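Student: For what it's worth, my numbering labels the leading residue of the sequence shown as 1356, then goes sequentially. The structure's right below; bear with me while I get my questions together.
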Amino acid sequence: MKKIIFATGNAGKMKEIREILADPDVEILSMKEAGIFSDIEENGSSFEENAVIKAKAVASHPNAAGAVVLADDSGLEIDYLNGEPGIYSARYMGEDTSYRIKNQNLIDRLEGVPDEKRTARFVCAIAAVLPNGQVVTTRGTIEGKIGYEERGANGFGYDPIFYLPDMSRSTAELSPEEKNAISHRGNALREMKKELTKRKENVK
């Protein structure tokens, strides 16, 4: 069986990844499930750089031998805030700060900002390190707006404040299937699936 190790310990991400990359011939493991415990410093200047840093760090571990290692870096870019929180999305206001507090802070910073200026996007870059050492990156995005309050109980992170005008819902109000079909991570993963298929390293 072919093996993918995804450089994350985030249960929400792993659920999405398994649903999108689902293949009976491929075993998809988190770092923890692969027995890899590493505190990786993400000091890149872009989503792609951070994803490559993570993927290379995990790929260098003996437990990753022969596996395709994937890593992602994703975040929220708010145009009115000059692209904040951007690559610092996970560390915005401190890594241990709850997303309820982070979300409310962003809503507060946009107080009085009209609807047409609340444009934002989720960005996800995925890096793959193949068993031969080759590095491949893909990017996915989804456009939306910042809402005026948290809405929905699905998803995680900034999902409750990311509003999709075309669907009249936040991404936290979508079912997992609806979200995976349009999400930034879903788009980036589907592109990566194509890249890996081309290289015959993984998914058929």
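By construction, the Cβ of each residue, glycine as well, lies at the ideal position given by its N, Cα and C atoms. Predicted model only: the values in this text are computed from it and were never measured.
Could you have a look at Thr1452 and say whether DSSP puts it in helix, strand or coil?
Tutor: Along the sequence shown, read from residue 1 onward, the residue named residue 1452 stands at position 97. Note: Thr1452 maps to coil in three-state DSSP.
Student: Is Gly1510 helix, strand or coil by DSSP?
Tutor: Reading the sequence shown from its first residue, position 155 is the one you call residue 1510. Gly1510: coil per DSSP, three-state reduction.
Student: With a CB to CB cut of under 6 Å and the five nearest residues on each side skipped, what residues in its chain are close to Ala1527?
Tutor: Locating residue 1527 in the sequence shown gives position 172, counting from the first residue. Within the same chain, Ala1527 has close Cβ partners Gly1507, Asn1509, Gly1510, Asp1514 and Pro1515.
Student: With a 10 Å radius around its C-beta and 16 neighbouring C-beta atoms as the bar for buried, classify Ala1366 as buried or exposed.
Tutor: To locate residue 1366, count along the sequence shown from 1; it is residue 11. Looking at its Cβ environment, which holds fewer than 16 other Cβ atoms inside 10 Å, Ala1366 is exposed.
Student: Give the secondary structure of Val1558 by DSSP, where H, G and I count as helix, E and B as strand, and everything else as coil.
Tutor: On the sequence shown, position 203 is the one that residue 1558 refers to. Low confidence applies to Val1558: its pLDDT is 47, below 50, so where it sits in the model is not reliable enough to give any reading.
Student: Confirm, please, whether the CB-CB distance from Thr1496 to Arg1476 is below 7 Å.
Tutor: Your numbering for residue 1476 matches position 121 in the sequence shown. Your numbering for residue 1496 matches position 141 in the sequence shown. The criterion of a C-beta distance shorter than 7 Å is satisfied by Arg1476 and Thr1496.
Student: Going by C-alpha to C-alpha distance, which of Ser1401, Leu1465, Ile1359 and Val1381 sits closest to Val1413?
Tutor: The residue you call residue 1413 lines up with position 58 of the sequence shown. Comparing Cα-Cα distances from Val1413 to each of Ser1401, Leu1465, Ile1359 and Val1381, the minimum goes to Ile1359.
Student: How close, in whole Å, do the beta carbons of Ile1501 and Ile1433 come, if the pair is a contact with beta carbons under 8 Å?
Tutor: Indexing the sequence shown from 1 puts residue 1501 at position 146. Indexing the sequence shown from 1 puts residue 1433 at position 78. About 6 Å separates the two Cβ atoms, so the contact holds.
Student: How big is the Cα-Cα spacing for Val1490 and Glu1466?
Tutor: One-based indexing of the sequence shown puts residue 1490 at position 135. One-based indexing of the sequence shown puts residue 1466 at position 111. Those two C-alpha atoms are separated by around 42 Å.
Student: Quick one: what's Phe1361 bridged to in DSSP?
Tutor: One-based indexing of the sequence shown puts residue 1361 at position 6. Beta-bridge pairing links Phe1361 to Ser1385 and Leu1425.
Student: How many Å lie between Ser1401 and Ala1422 at the Cα?
Tutor: In the sequence shown, counting from the first residue as 1, residue 1401 sits at position 46. In the sequence shown, counting from the first residue as 1, residue 1422 sits at position 67. Computed Cα separation, rounded: 25 Å.
Student: Considering only their Cβ atoms, is the gap separating Glu1505 from Asn1460 smaller than 7 Å?
Tutor: Taking the sequence shown and counting its residues from 1, the one referred to as residue 1460 is at position 105. Taking the sequence shown and counting its residues from 1, the one referred to as residue 1505 is at position 150. Cβ atoms of Asn1460 and Glu1505: not closer than 7 Å.
Student: How about Glu1403 and Thr1492: do their beta carbons lie closer than 7 Å?
Tutor: Translated into positions along the sequence shown, residue 1403 becomes position 48. Translated into positions along the sequence shown, residue 1492 becomes position 137. It is a contact, given that the beta carbons lie within the stated cut-off.
Student: Once DSSP output is grouped into helix, strand and coil, what is the label at Ile1516?
Tutor: On the sequence shown, residue 1516 is found 161 positions in, with the first residue counted as 1. In the structure shown, Ile1516 sits in a helix (DSSP, three-state: H, G or I).
Student: Below 8 Å on the Cβ atoms is my guess for Asp1427 versus Arg1540; work out the distance and round it to an integer in Å.
Tutor: Within the sequence shown, numbered from 1, the residue matching residue 1427 stands at position 72. Within the sequence shown, numbered from 1, the residue matching residue 1540 stands at position 185. Yes, they are in contact, since the Cβ atoms of Asp1427 and Arg1540 sit about 7 Å apart, within 8 Å.
Student: Taking just the CA atoms, how far does Ile1391 sit from Val1381?
Tutor: Counting from one through the sequence shown, the residue named residue 1381 turns up at place 26. Counting from one through the sequence shown, the residue named residue 1391 turns up at place 36. Inter-residue distance for Val1381 and Ile1391 is about 19 Å (C-alpha atoms, whole angstroms).
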